[in-house]
């Protein structure tokens with residue numbers, strides 16, 4: 001079943017997103033709202049990864065890490081941050097791109113979960129999608145707040 | 001009248017539930033002045049706490065020489081507090097008043113004339129506008145100006161310059177009150193009023209040391225708790241304040257949660273309402289949204305779990321919830337213990353939730369007072385001199401922006417409304433990085449009042465930004481400025497202001513300001529003139545000259561909005577009492593309570609904000625809001641408790657928290673110049689619990705050093721009423737800033753971090769350590785009349 005591949009993608013994407021959020025938070029720690037909110041958002045993704053683990057195992061992989069995913073679906077996380085006001089803008093934007101990958105992955109998995117009548121996975125998809133919306137909303141809010149000053153006055 | 005330093009709240013005038021609070025007129029005249037020597041009494045309201053007591057100023061030979069309460073005023077029924085009595089006028093003839101402008105020349109502030117000072121300001125302002133545009137300008141104002149001044153500043157900033165970087169120190173004290181009201185009800189504005197004290201059965205005080213912050217309002221409560229059928233009080237505070245003692249005395253509860261855990265406590269109280277069926281299901285279904293989600297959020301906060309997180313007794317939590325759940329009329333008041341602490345907006349919103357779940361809103365005795373810390377904070381919010389748009393308009397609603405554009409006759413794109421407005425802490429960050437190159441500070445002292453003092457001093461004294469300070473004295477902040485402008489104070493100018501329960505007062509000019517000092521309104525008008533701000537037809541943007549004309553312009557701007565002043569006038573405000581907005585053709589005498597029909601300003605076209613995620617601060621979009629169809633229903637919103645930003649560690653094992661003392665106000669700019677108030681609380685101290693003091697080998701009066709990762713202070717220790725594990729410091733005390741000066745500002749230790757929704761800085765959740773420096777030579781200089789009394793002499797409340 002190809003679903004296991006997508007579960008692996010969800011696992012990797014959430015893991016990468018969480019790590020990147022932490023990297024960006026720490027890298028821009030002089031903006032305390034970025035630091036603390038990124039940590040809170042990363043914790044959401046951590047929880048999704050944790051809850052996904054037994055489901056991945058149920059569908060036949062020993063863990064999410066073992067699932068081989070198609071090369072072209074993979075997204076690299078942010079290993080380091082950029083500096084300055086525009087750097088913050090770019091890092092937030094990259095996080096948004098990663099978050100969107102997470103979002104569409106859950107959309108796809110949710111469709112399969114319904115077709116399989118897998119209540120546990122349906123519940124996780126709904127929960128994770130809701131949290132993912134909050135993550136993306138915050139990134140969007142913060143981007144909008146930072147953009148004019150960064151692009152015009154900084 | 002008794003000495004009100006010792007007898008803070010004055011004599012009791014007990015009264016029964018549902019009856020009027022008796023009148024008691026308080027008066028103070030300078031020594032040597034008899035009542036019959038007073039030339040005239042001038043109408044005003046007190047500006048030394050957020051209560052807004054109606055008063056008259058005594059004038060003799062062109063000087064302000066005293067004050068008395070107005071018997072007929074709905075706010076105070078004649079009373080005044082110690083600050084109002086002893087601190088209202090002495091500053092006005094202090095020898096160190098600023099009387100001439102100053103500019104920095106060769107690094108030194110030097111006196112000059114007005115054309116020179118204003119010329120320097122306009123030169124920098126115009127150069128930056130040419131080079132970088134309006135985003136180079138920032139304004140940081142006060143909670144103590146008049147409505148007319150805020151509105152004028154809002155128009156020149158938002159329509160003249162077009163900068164989104166405007167905020168007030170109301171961000172430090174009251175932003176969460178506004179945010180909580182907006183999130184729950186759709187717009188700012190207090191649902192209830194002070195008269196709810198007369199009608200309630202129960203009063204919950206959340207993080208609100210009312211006995212010290214608003215002494216006259218506290219007398220109103222004491223007069224009920226000492227009268228027939230008194231209300232039961234419940235107090236949430238980590239210190240054993242007079243409020244906490246009174247809660248216990250009235251058969252209520254004192255809950256002392258660990259600093260930084262308010263939301264967990266609130267989630268526990270909310271869960272109890274659901275568990276015991278203390279929810280008005282029918283009312284909730286008809287008038288609110290979000291109940292199922294709220295229930296699922298609080299579901300895991302059992303009393304036992306809350307007890308563990310907060311360090312309170314599970315039985316006491318249950319008892320407090322039962323009192324809330326079973327009283328007919330509950331009044332709740334909230335202040336800095338919630339607003340300046342971790343998860344501020346979520347915790348304050350939880351108070352609104354409790355009222356909504358029981359349908360306790362819009363009727364006598366069922367009030368919510370999301371309090372203000374400063375006397376004119378409400379006007380800053382209404383008029384838009386802070387991050388808001390005038391008239392509680394929604395910056396995210398094109399129609400609202402269009403209304404302002406038509407009112408001011410400017411292009412809507414001039415009015416900055418592209419994103420959340422810039423809050424004070426972010427303004428400071430832009431100043432720090434140099435993208436704001438022009439910062440105008442009026443009537444406030446951020447060098448003392450903002451978190452992480454050393455950072456603020458560094459930012460304001462740096463070369464990267466031109467700083468203008470407009471104030472009464474050469475404050476700690478003014479000393480760092482490039483231009484200092486001498487301002488007229490209360491009693492030296494005319495204007496209106498509005499307290500937390502929406503009561504508008506007129507304060508009339510009693511005397512001339514000293515030297516060349518000018519009213520804040522005149523200063524803003526002079527800048528607007530010099531900058532030649534124009535509307536779309538080339539006419540001057542600001543079309544008023546006098547306070548009354550500015551008020552009339554504001555009346556037009558507020559028409560049709562929740563804070564509608566259209567039916568008010570200076571003439572009407574010269575009656576016996578202040579008047580509560582909205583005042584309209586339909587409600588010509590004002591409005592006692594909002595939401596009496598349970599219809600809230602939440603419709604998408606009406607609301608002041610579409611709301612936020614309480615955990616992250618992410619904004620809800622217009623589309624998302626419209627899809628919810630709130631249509632006049634209030635929002636029930638919740639959030640999970642999360643640990644505070646700086647938990648205790650081995651290195652910093654104690655939790656640091658800051659707060660007020662009854663005798664001082666607003667970095668002591670005025671109160672520190674009143675002899676009796678200065679003597680009553682002359683200097684900085686630090687409070688420890690008896691257990692912590694003993695463990696650290698510290699006794700009363702020993703000089704201790706308190707350190708956080710950001711700085712240190714040294715002050716005598718009061719072994720006091722704070723809960724174990726917490727350290728309390730009063731935040732009024734500044735420092736001369738001389739080399740070698742011992743640190744004594746509470747904010748040397750606090751963190752640069754803020755609530756995600758209200759953007760109010762956290763002043764109450766930092767980790768610290770304490771050690772003894774040397775033995776003291778007597779008790780700490782802390783007052784022993786109120787919440788800072790020594791633990792050994794804890795007595796009952798008067």
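Chains as they are written, first to last, in UniProt numbering: chain A, 1 to 154; chain B, 1 to 798.
Just so you know, even glycine gets a beta-carbon here, dropped at the ideal spot from N, CA and C.
9 angstroms Cβ cutoff, residue i in contact with chain B
i, result
"residue 106 of chain A", "no"
"residue 41 of chain A", "yes"
"residue 26 of chain A", "no"
"residue 93 of chain A", "no"
"residue 220 of chain A", "Nothing about residue 220 of chain A can be read from this structure; chain A reaches only from 1 to 154."
"residue 18 of chain A", "no"
Interface partners of residue i on chain A, CB under 8 angstroms
i, result
"residue 132 of chain B", "152 and 153"
"residue 449 of chain B", "Those within 8 angstroms of residue 449 of chain B in chain A number zero; the least Cβ separation is about 18 angstroms."
Residue i: contacting residues in chain A (beta-carbon distance under 7 angstroms)
i, result
"residue 756 of chain B", "33 and 37"
"residue 639 of chain B", "Ordered by position in chain A, no residue passes the 7 angstroms Cβ test against residue 639 of chain B, which lies about 10 angstroms from the chain."
"residue 748 of chain B", "Per Cβ cutoff of 7 angstroms: no residues; residue 748 of chain B is ~17 angstroms from chain A at best."
"residue 246 of chain B", "The contacting residues do not exist; residue 246 of chain B stays about 36 angstroms from chain A at best."
Amino acids of chain A, ordered along the chain, whose beta-carbon sits closer than 9 angstroms to that of residue i
i, result
"residue 686 of chain B", "Under the 9 angstroms cutoff, chain A gives no residues; its nearest Cβ is about 25 angstroms from residue 686 of chain B."
"residue 617 of chain B", "33, 37, 138, 141 and 142"
"residue 753 of chain B", "32, 33, 35 and 36"
C-beta neighbour in chain A for residue i, strict 9 angstroms
i, result
"residue 436 of chain B", "yes"
"residue 610 of chain B", "no"
"residue 420 of chain B", "yes"
"residue 613 of chain B", "yes"
"residue 620 of chain B", "yes"
"residue 429 of chain B", "yes"
"residue 426 of chain B", "yes"
"residue 433 of chain B", "yes"
"residue 794 of chain B", "Confidence at residue 794 of chain B is low in this model, with a pLDDT of 48, below 50, so its placement is unreliable and the value that follows should be read with caution. Output row for residue 794 of chain B: interface = no."
Supposed close pair residue i, residue j - CB separation, criterion 8 angstroms
i, j, result
"residue 640 of chain B", "residue 615 of chain B", "7 angstroms"
"residue 40 of chain B", "residue 178 of chain B", "Residue 40 of chain B to residue 178 of chain B, Cβ: 37 angstroms. No contact."
"residue 805 of chain B", "residue 767 of chain B", "The structure shown does not extend to residue 805 of chain B, since chain B is modelled only from 1 to 798, so the question has no answer here."
"residue 136 of chain B", "residue 153 of chain A", "6 angstroms"
"residue 423 of chain B", "residue 759 of chain B", "4 angstroms"
Contact list for residue i against chain B, beta-carbon separation under 8 angstroms
i, result
"residue 54 of chain A", "Residues of chain B passing the Cβ test: none, with the nearest at roughly 21 angstroms."
Scan the stretch 115 to 147 of chain A for residues whose Cβ lies nearer than 7 angstroms to a Cβ of chain B and list them as they occur along the chain.
-> 134, 137, 138, 141, 144 and 145
Identify each residue in the stretch 107 to 129 of chain B for which the Cβ-Cβ distance to at least one residue of chain A is less than 9 angstroms, and report them in chain order.
-> none
Whole beta strand (DSSP E) elements within the stretch 81 to 159 of chain B, 3-residue minimum = 102 to 105, 108 to 111 and 137 to 141
Along the stretch 631 to 657 of chain B, what residues have a CB closer than 8 angstroms to any CB found in chain A?
-> 642 and 645
Any residues in the stretch 317 to 351 of chain B with a beta carbon nearer than 9 angstroms to a beta carbon of chain A? Which ones, in chain order?
-> none
With 8 angstroms as the C-beta to C-beta threshold (strictly closer), list the residues of the stretch 135 to 169 of chain B near chain A in chain order.
-> 135, 136 and 164
Start-end ranges of the alpha helix (DSSP H) lying completely within the stretch 594 to 676 of chain B, minimum 4 residues | 622 to 628
Residue ranges of each beta strand (DSSP E) within the stretch 191 to 224 of chain B, 3 or longer | 202 to 206
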